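> Chains as they are written, first to last, in my numbering: chain L, 379 to 661; chain B, 47 to 788.
Note that the Cβ used here is the ideal one computed from N, Cα and C, for glycine as well.
Since the structure is predicted, the reported quantities are computational estimates derived from the model, not experimental observations.
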Ligand SMILES: Nc1ncnc2c1ncn2[C@@H]1O[C@H](COP(=O)(O)OP(=O)(O)OP(=O)(O)O)[C@@H](O)[C@H]1O
Ligand code: SF4
Ligand SMILES: [Mg+2]
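#1: Using 8 Å as the Cβ pair cut-off and three pairs as the minimum, do the segment 439-446 of chain L and the segment 562-571 of chain L touch?
#2: Which same chain residues, not among the five before or five after residue 240 of chain B, have their C-beta less than 7 Å away from its C-beta?
#3: Does ligand 2 have a heavy atom nearer than 8 Å to the CB of residue 480 of chain B?
#4: Mind checking which residues open and close the beta strand (DSSP E) that includes residue 558 of chain B?
#5: Using a cut-off of 9 Å between C-beta atoms, extract the partners of residue 131 of chain B located in chain L.
#6: Strictly below 8 Å CB to CB, what residues from chain L border residue 629 of chain B?
#7: Ligand 2 heavy atoms versus the CB of residue 473 of chain B: any closer than 8 Å?
#8: Given 8 Å as the limit, tell me if residue 427 of chain B has its C-beta closer than that to any heavy atom belonging to ligand 2.
#9: Can you find a heavy atom of ligand 2 that lies under 8 Å from the Cβ of residue 467 of chain B?
#10: Would you give the residue range spanned by the alpha helix (DSSP H) that residue 546 of chain L belongs to?
#11: Are there three or more Cβ pairs, one per stretch, closer than 8 Å when the segment 720-738 of chain B is compared with the segment 582-601 of chain L?
#12: Whose C-beta lies closer than 7 Å to the C-beta of residue 561 of chain B among residues of the same chain, with five residues either side of it excluded?
#13: Looking at chain L, which residues of the segment 598-619 of chain B have a Cβ within less than 8 Å of any of its Cβ atoms?
#14: Is the Cβ of residue 535 of chain B closer than 9 Å to any Cβ of chain L?
#15: Using a C-beta cutoff of 9 Å, does residue 541 of chain B count as contacting chain L?
#16: Under a three-way DSSP split, which group does residue 273 of chain B fall into?
#17: Measuring only between beta-carbons, confirm whether residue 573 of chain L sits less than 9 Å from chain A.
#18: Let me check understanding here. Comparing Cα to Cα, which of B/309, B/358, B/737 and B/294 lies closest to residue 329 of chain B?
#19: Please state if the CB of residue 352 of chain B and the CB of residue 363 of chain B are separated by a distance shorter than 9 Å.
#20: Counting only Cβ pairs nearer than 7 Å, list the residues of chain L close to residue 634 of chain B.
#21: What does the alpha-carbon distance come out to for the pair residue 595 of chain L and residue 547 of chain L?
#22: Once you ignore the five residues that flank residue 694 of chain B on each side, which residues in its own chain have a CB closer than 7 Å to its CB?
#23: Hey, quick one: how far does the beta strand (DSSP E) through residue 90 of chain B stretch, first residue to last?
#24: Under the rule that 16 or more other beta-carbon atoms within 10 Å means buried, what is residue 492 of chain L, buried or exposed?
#25: Quick check: what's the CA-CA separation for residue 424 of chain B versus residue 343 of chain B?
#26: Just confirm the distance between the C-beta atoms of residue 258 of chain B and residue 354 of chain B, as a whole number of angstroms; I'd bet it's less than 8 Å.
#27: Comparing the CB of residue 476 of chain B with every heavy atom of ligand 2, is any distance shorter than 8 Å?
#28: Out of curiosity, what's the CA-to-CA distance linking residue 514 of chain L and residue 690 of chain B?
#29: Starting from residue 553 of chain L and walking both ways along the alpha helix (DSSP H), at which residues does that stretch end?
#30: Using only CA atoms, which one of B/762, B/784, B/716 and B/477 lies nearest to residue 443 of chain B?
#31: Identify every residue that forms a DSSP beta bridge with residue 441 of chain L.
#32: Mind checking residue 428 of chain L: buried by the 16 CB within 10 Å criterion, or exposed?
#33: Determine the chain B residues that contact residue 447 of chain L at a beta-carbon separation under 7 Å, and present them in chain order.
#34: Below 9 Å on C-beta distance, what does residue 484 of chain L contact in chain B?
#35: Thinking C-beta only, is residue 321 of chain B closer than 9 Å to residue 292 of chain B?
#36: I'd like to confirm something about residue 459 of chain B: is its beta-carbon nearer than 8 Å to some heavy atom of ligand 2, or not?
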């Protein structure tokens, strides 16, 4: 028997597809805007009340202004921060819960598994937006309150996903050998199983970023997320609604940005999980 | 590239076939010319001709990676992405054959020597008639024009118009073309460019060629009922009746139609797959290791079934297998592949009893006999090279005991050694010579290039007195005889440091009344099993799949908990030092993400041993210590299994359980690993519980054997008496199912 050549490690699969490059470039741009908001969009909140709402191209406002006379371009660039920070925290937070709980439940089974299952069922049964509204009513509204609510709401599907992947790995001979060798369960879980479920974790992480972006934007749109006036694409979309006659770009630009960013994250996630998957599978 | 070799291979014998003999020959139903398969990383199949006559069974044998599966995938248009084929395939319909060769419609004799030979010779042969323009164009894609450019013109032949030239053939007397007798152009027969892609294959697969795979789970859809799947290839009305008839034909009850594949046993699933394959009434059935996943008795039944269906339908059968015994018992002709090349072909009796290629002879020798025990199994040193790494030389030269300088100058062409029997060897007369000299512990194998399997010195049968130890590449540490001897002794002594060497043969493990029923299952997996193993003993547990062997093993190592019964270890060890296990599949035995060294170090640490023993463990299983840095990906199956064994040895457990640990390996590798286990047993006083479905393997390794059936032990005793004079009816049945016993 000779080892199979790692056919996926060479040849055509080495090339990074254009889609992935474009997605990554777009996300990098959004990330830079989010990090360097003060430099890139210093005048985002500057109101030009004397100007009022104008359409695209007027007075150096490429995309026009909103009802407060703020430049749509600057405002949208500034909105990158809330478009990225919250969703990333939501995805990472819920995946952390999912990863630990799911791994533990999947590997150990028994009562832990049952409790985790119940927890997931319960949360999946709750209507997300309603819950967010209730929590906002109780705790007060705010971007980060919404983020925490979304973490809790997103976690059950991550728990299930990880649990399933772990259950699939657990009966493999190399895991069973480790058990017979008396290797500590925590080590088996995090040293042996975890690396082999990374592809699915990463893919889902990015998927969740996209979902959370849409969810957060929707909640902002409903007035539950960011405070009024803060730069946020969902908020802009809501405010832009009334300006459709004067400056449709006030709504279109943030809308397009939400779609583009969410799609880019998704596509990148697909590609990345494919790549990682092949790495893990290649043997 | 080896186009020269294969072109020459075609040239050699054709002169021997003159027009008149060829004209008498029955028409092959499949003729493949100069099949080449390549991927980005190089050649996979380097030029192969193949014919199958109606009703004939051709076995393709060879070790893993020799290109067997790629060959059949190329013939069915199922090559994986990034892998391309070139070559031509003629596939006339059966009706057409019957018409064209009306005088030869009787099938008798089709499969015998001459017909097979001429059929093979024909594909590479240009028509004998000097003035045959059409015939020439028809052969445009053959060996003279390797590469896709040669095939561009041939696409015109794809489809039913493919026989433009054949009417010319039919007219010319005494031509040698395989399908010259085929009727006028426009009939359903066709010549297919193997480089073609797309829809043409749907037709070929749908109605002409059916493919049966090793694991029916991969070919059957999990979400459709079996009846539905069988019906997919049947169009029009009367589908339900035909499905019912097919099910009856493959010996399944009618209610299977309503079941899903997962509700069936392995043997039943394979029957469903056969029924689905036969639904479109194919001319040719290609079975790629159809029974490898099945136990002996089921294997026997499925093969009988296929043989019966083949007779009824006069179907051609290509049987891909690594099991020489099976090929011998089923095939009319055998083709032996090695590193993507055809090295020998001929009638079964000739190839098996008078092999003309040393590889065939060595391979056959590796197969453990069922009738007696060999002190050391013959092995083939080294391992199969990557097809792409073979230059202008005999691909087997590095491992051949008879290699001479000429073998390394050019690739030997297939040449006729007897009627219909051809081998690609410069010294075919040597193949039958014995190479087995008694093994001496001082012997080493030439350390092969990075991918090869270095053998444990003691387990190696040297193949040549003149064998030398070439200087090793930097990475493979080839222990010099003395050094390796010391290393092994040191390693062995580790295992007994402070232990009593002369342990009396008291029971180490006793199992009493073990019973287990899996939830949701009606029948118990274990139904009151008693078993004892004395220290230093090797005990085999044999039986069909589902007999409870694996459940027993898993209970012993603690991976499964029995419902009732006792398992007592009488040694002083606890935990991981009591018992370890080696599983079947070498490919999932190791964590793909960790290096060999990390895996072993982890096992050592869990057992409270120093990490520094990693090198000794590797040496113990015959691997260079440098392998510690490799990842499983860079190891062959045999090497992985060695690492798995090394890992199981790390805690120095009293008992080693091997659950089908050699059944996923090629015979030559299996022999190496069996020798290794026997050697370890000798040196370390290891106690083995060996689970296997292969009685011949049990014969080689075990002192005593337990035969299990339906969760019970039906017979037990010394291996010689149980397998030599079986008392229980079930044991007799098991023995009778072994192919060679046919
Ligand atoms: N998808 C692929 N891409 C490129 N090369 C491949 C691919 N699959 C297999 N190969 C290579 O093709 C060669 C032949 O493989 P093939 O599966 O035909 O062997 P085989 O004789 O059927 O072996 P086995 O007995 O293990 O089934 C091997 O060297 C293998 O590494
Ligand atoms: S004798 Fe020469 S040609 Fe024949 S198998 Fe050995 S090396 Fe190859
Ligand atoms: Mg195969």
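Judging by the given coordinates:
#1: no
#2: Here residue 240 of chain B refers to the residue found at position 194 of the second chain. Within the same chain, residue 240 of chain B has close Cβ partners 81, 120, 131, 132, 133, 134 and 135.
#3: Along the second chain, read from residue 1 onward, the residue named residue 480 of chain B stands at position 434. Not so, every heavy atom of ligand 2 lies at least 8 Å from the Cβ.
#4: Here the question's residue 558 of chain B lines up with position 512 in the second chain. Start and end: 553-562.
#5: Taking the second chain and counting its residues from 1, the one referred to as residue 131 of chain B is at position 85. None at all; the shortest Cβ gap to chain L is about 16 Å.
#6: Start at 1 with the first residue of the second chain, and residue 629 of chain B comes out as number 583. Simply 551, 554 and 555.
#7: Along the second chain, one-based indexing puts residue 473 of chain B at 427. Indeed, a heavy atom of ligand 2 lies less than 8 Å from the Cβ.
#8: For the purposes of this step, residue 427 of chain B is taken as residue 381 along the second chain, with counting starting at 1. No, since every heavy atom of ligand 2 falls outside the 8 Å radius drawn around the Cβ of residue 427 of chain B.
#9: Counted from its first residue, the second chain places residue 467 of chain B at position 421. Remark: the C-beta of residue 467 of chain B is outside contact range of ligand 2, defined as less than 8 Å to any heavy atom.
#10: Your numbering for residue 546 of chain L matches position 168 in the first chain. Segment 521-547, the alpha helix (DSSP H) holding residue 546 of chain L.
#11: no
#12: Reading the second chain from its first residue, position 515 is the one you call residue 561 of chain B. Excluding positions up to five away in sequence, the list reads 570, 572, 573, 574, 608, 609, 610 and 611.
#13: 603, 604 and 605
#14: Reading the second chain from its first residue, position 489 is the one you call residue 535 of chain B. In this predicted model, residue 535 of chain B has a pLDDT of only 45, less than 50, meaning its place in the structure is not dependable; the value taken from the coordinates is given anyway. Chain L contact via Cβ: absent.
#15: Locating residue 541 of chain B in the second chain gives position 495, counting from the first residue. Low confidence applies to residue 541 of chain B: its pLDDT is 45, below 50, so where it sits in the model is not reliable enough to give any reading.
#16: Along the second chain, one-based indexing puts residue 273 of chain B at 227. If DSSP states are grouped into helix, strand and coil, residue 273 of chain B belongs with the helices.
#17: Among the chains of the structure shown, chain A does not appear; the protein chains present are L and B.
#18: Sequence index remark: in the second chain, residue 329 of chain B carries index 283 (1-based). Taking only the C-alpha atoms, the option nearest residue 329 of chain B is B/358.
#19: The residue labelled residue 363 of chain B in the question sits at position 317 within the second chain. The residue labelled residue 352 of chain B in the question sits at position 306 within the second chain. Closer than 9 Å, so yes.
#20: Indexing the second chain from 1 puts residue 634 of chain B at position 588. Result: 550, 551 and 552.
#21: As a working note, residue 595 of chain L is residue 217 in the first chain. As a working note, residue 547 of chain L is residue 169 in the first chain. Each residue's alpha carbon lies about 37 Å from the other.
#22: Position 648 of the second chain, counting from 1, holds the residue named residue 694 of chain B. Taken in chain order, the residues that qualify are 626, 627, 628 and 702.
#23: As a first step, residue 90 of chain B is located in the second chain; it is residue number 44 there, counting from the start. First-last of the beta strand (DSSP E) with residue 90 of chain B: 88-98.
#24: Locating residue 492 of chain L in the first chain gives position 114, where the first residue counts as 1. Exposed.
#25: Your numbering for residue 424 of chain B matches position 378 in the second chain. Your numbering for residue 343 of chain B matches position 297 in the second chain. Those two C-alpha atoms are separated by around 27 Å.
#26: Taking the second chain and counting its residues from 1, one reaches residue 258 of chain B at position 212. Taking the second chain and counting its residues from 1, one reaches residue 354 of chain B at position 308. Not confirmed; about 15 Å, so no contact.
#27: Position 430 of the second chain, counting from 1, holds the residue named residue 476 of chain B. Yes, ligand 2 has a heavy atom inside 8 Å of this Cβ.
#28: Position 136 of the first chain, counted from the start, is the residue given in the question as residue 514 of chain L. Position 644 of the second chain, counted from the start, is the residue given in the question as residue 690 of chain B. Each residue's Cα considered, the two are about 56 Å apart.
#29: In the first chain, counting from the first residue as 1, residue 553 of chain L sits at position 175. Element bounds for residue 553 of chain L: 551-558.
#30: Counting from one through the second chain, the residue named residue 443 of chain B turns up at place 397. Of the candidates B/762, B/784, B/716 and B/477, the one whose C-alpha sits nearest the C-alpha of residue 443 of chain B is B/477.
#31: Walking along the first chain from the start, residue 441 of chain L turns up at place 63. Partner(s): none; residue 441 of chain L has no beta bridge.
#32: As a first step, residue 428 of chain L must be located in the first chain, where it is residue number 50. It counts as exposed.
#33: Within the first chain, residue 447 of chain L is the residue found at index 69, counting from 1. Going along chain B, no residue has its Cβ under 7 Å from residue 447 of chain L, so there is no contact; the nearest lies around 57 Å.
#34: Translated into the one-based positions of the first chain, residue 484 of chain L becomes position 106. The contacting residues do not exist; residue 484 of chain L stays about 17 Å from chain B at best.
#35: If you number the second chain from 1, residue 292 of chain B lands on position 246. If you number the second chain from 1, residue 321 of chain B lands on position 275. Yes, the pair counts as a contact, with Cβ atoms nearer than the cut-off.
#36: Counting from one through the second chain, the residue named residue 459 of chain B turns up at place 413. Residue 459 of chain B: no, Cβ never under 8 Å from ligand 2.
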